[in-house]
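Note that the protein sequences, when read in sequence, are chains A and B.
Residue numbers for the first sequence follow this note's numbering, so the first one is 20 and each next one is one higher.
Residue numbers for the second sequence follow this note's numbering, so the first one is 20 and each next one is one higher.
Where a beta carbon is used, it is the ideal one built from N, C-alpha and C, also for glycine.
As structure tokens, the structure follows; a few thoughts come after it.
2 protein chains.
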Amino acid sequence: MKFSQATDYALHVMTYLMSHAPDKPVGVQTLADRLGVSQTYLSKMLSKLVKAGLIGSVSGANGGYRLKANYDRISFLDVIHAIEGTASIFECGLNHGEGCAIQQVVMDAERQMEQYLSDKKIADVARQHTS
Amino acid sequence: MKFSQATDYALHVMTYLMSHAPDKPVGVQTLADRLGVSQTYLSKMLSKLVKAGLIGSVSGANGGYRLKANYDRISFLDVIHAIEGTASIFECGLNHGEGCAIQQVVMDAERQMEQYLSDKKIADVARQHTS
DNA sequence: GCGTGATTACTCGGATACAAGATGTCCGAGTTTGAGCGG
DNA sequence: CCGCTCAAACTCGGACATCTTGTATCCGAGTAATCACGC
Numbered sequence: 020m021k022f023s024q025a026t027d028y029a030l031h032v033m034t035y036l037m038s039h040a041p042d043k044p045v046g047v048q049t050l051a052d053r054l055g056v057s058q059t060y061l062s063k064m065l066s067k068l069v070k071a072g073l074i075g076s077v078s079g080a081n082g083g084y085r086l087k088a089n090y091d092r093i094s095f096l097d098v099i100h101a102i103e104g105t106a107s108i109f110e111c112g113l114n115h116g117e118g119c120a121i122q123q124v125v126m127d128a129e130r131q132m133e134q135y136l137s138d139k140k141i142a143d144v145a146r147q148h149t150s
Numbered sequence: 020m021k022f023s024q025a026t027d028y029a030l031h032v033m034t035y036l037m038s039h040a041p042d043k044p045v046g047v048q049t050l051a052d053r054l055g056v057s058q059t060y061l062s063k064m065l066s067k068l069v070k071a072g073l074i075g076s077v078s079g080a081n082g083g084y085r086l087k088a089n090y091d092r093i094s095f096l097d098v099i100h101a102i103e104g105t106a107s108i109f110e111c112g113l114n115h116g117e118g119c120a121i122q123q124v125v126m127d128a129e130r131q132m133e134q135y136l137s138d139k140k141i142a143d144v145a146r147q148h149t150s
């Protein structure tokens, strides 16, 4: 029960883009050096972020990844869902009639956390802390 | 980012004990049959619950696992922590000065969820829904 | 100076390798109950 | 009926086996900018 490293990287990339280059595309190489991660692995996460519509990609020379217009409305939850998927945190594997009360409780708890994460925008922390 | 099956099993065991046998020890065999899990695997989780002090074990014939006196104060979070460990859900692997703002946000979100889970007692759902 | 082609700097996707953790099994050791048996 | 012994029913712990998932690397294909070169 942990968030993956990939999520960590993705969040930091988003923060970096917002605080350092909100308008220009940045190559994977640059981002990977900044975070101390291999560029090939980082590109996997960036692909997911692109697929989720959180950032855009510019191919070819001088290309890279860049923020889109409404980047200041992206929440922590958006990034986490893009990387980790949107599946629920808890699945009751038993078949004891529908509506497992235990699953209900855990999913409610999950909603509490997601509520908090969707209120927090990446741009908020990017402003105060240039990663 | 999911809770393990083990946590699922543990929660159901606790619910079962509270609703069916609050005072007598129940063997692993019985519990495992009830849940459709192998008894040897289930015993691993029960050991963890014992170590965490959530239930007691009675060895020897007619032995098994049983609830302790204050079982109605056990929360979902207690069981989850016993199985999954108490480590934080998110660890920033980067070394960019202390106090990563991103980690701060995610940990706050985690606290939201844990707050909810520590308010919910197992006995609450055991009363309404005999698993 | 101007098109045209080659080179370069990128993204993108698939295939693969590796390690760790979750899941599940097997077995041996210790512990208590209870039944059997001899006096 | 009493006490002893022994088997059965348990927990407990460690050592495995397996499977999935996260992490990471490599490579080939496509794409766009830029540079070189010939006219």
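DSSP places K67(A) in the helix class (H, G or I) of the three-state scheme. Contact between K140(A) and R92(A) holds: their C-beta atoms lie close to 7 Å from each other, under 8 Å.
For S76(B), there is no enclosing alpha helix (DSSP H); the enclosing beta strand (DSSP E) covers residues 74 to 77.
Chain A places no beta carbon closer than 8 Å to that of V47(B), leaving this residue out of the contacts.
Only exposed fits Y60(B), as fewer than 16 other CB atoms lie within 10 angstroms of its CB. Those residues of the region 47 to 76 of chain A placed with their C-beta closer than 8 Å to a C-beta in chain B are L54, G55, ordered along the chain.
When the beta-carbon positions are compared, L68(B) and L113(A) stay at least 8 Å from each other. Counting only runs of 4+ residues, the alpha helix (DSSP H) found wholly inside the region 98 to 145 of chain B occupies 120 to 138, in chain order. The Cβ atoms of V98(B) and M33(B) sit closer than 8 Å to each other. Listed by position along chain B, the residues whose Cβ is nearer than 7 Å to that of D127(A) are Y135. Counting along the chain, the unbroken beta strand (DSSP E) around R85(A) starts and ends at 83 to 86. Fewer than three beta-carbon pairs drawn from the region 117 to 130 of chain A and the region 34 to 49 of chain A are found closer than 8 Å, and the two stretches are therefore not classed as touching.
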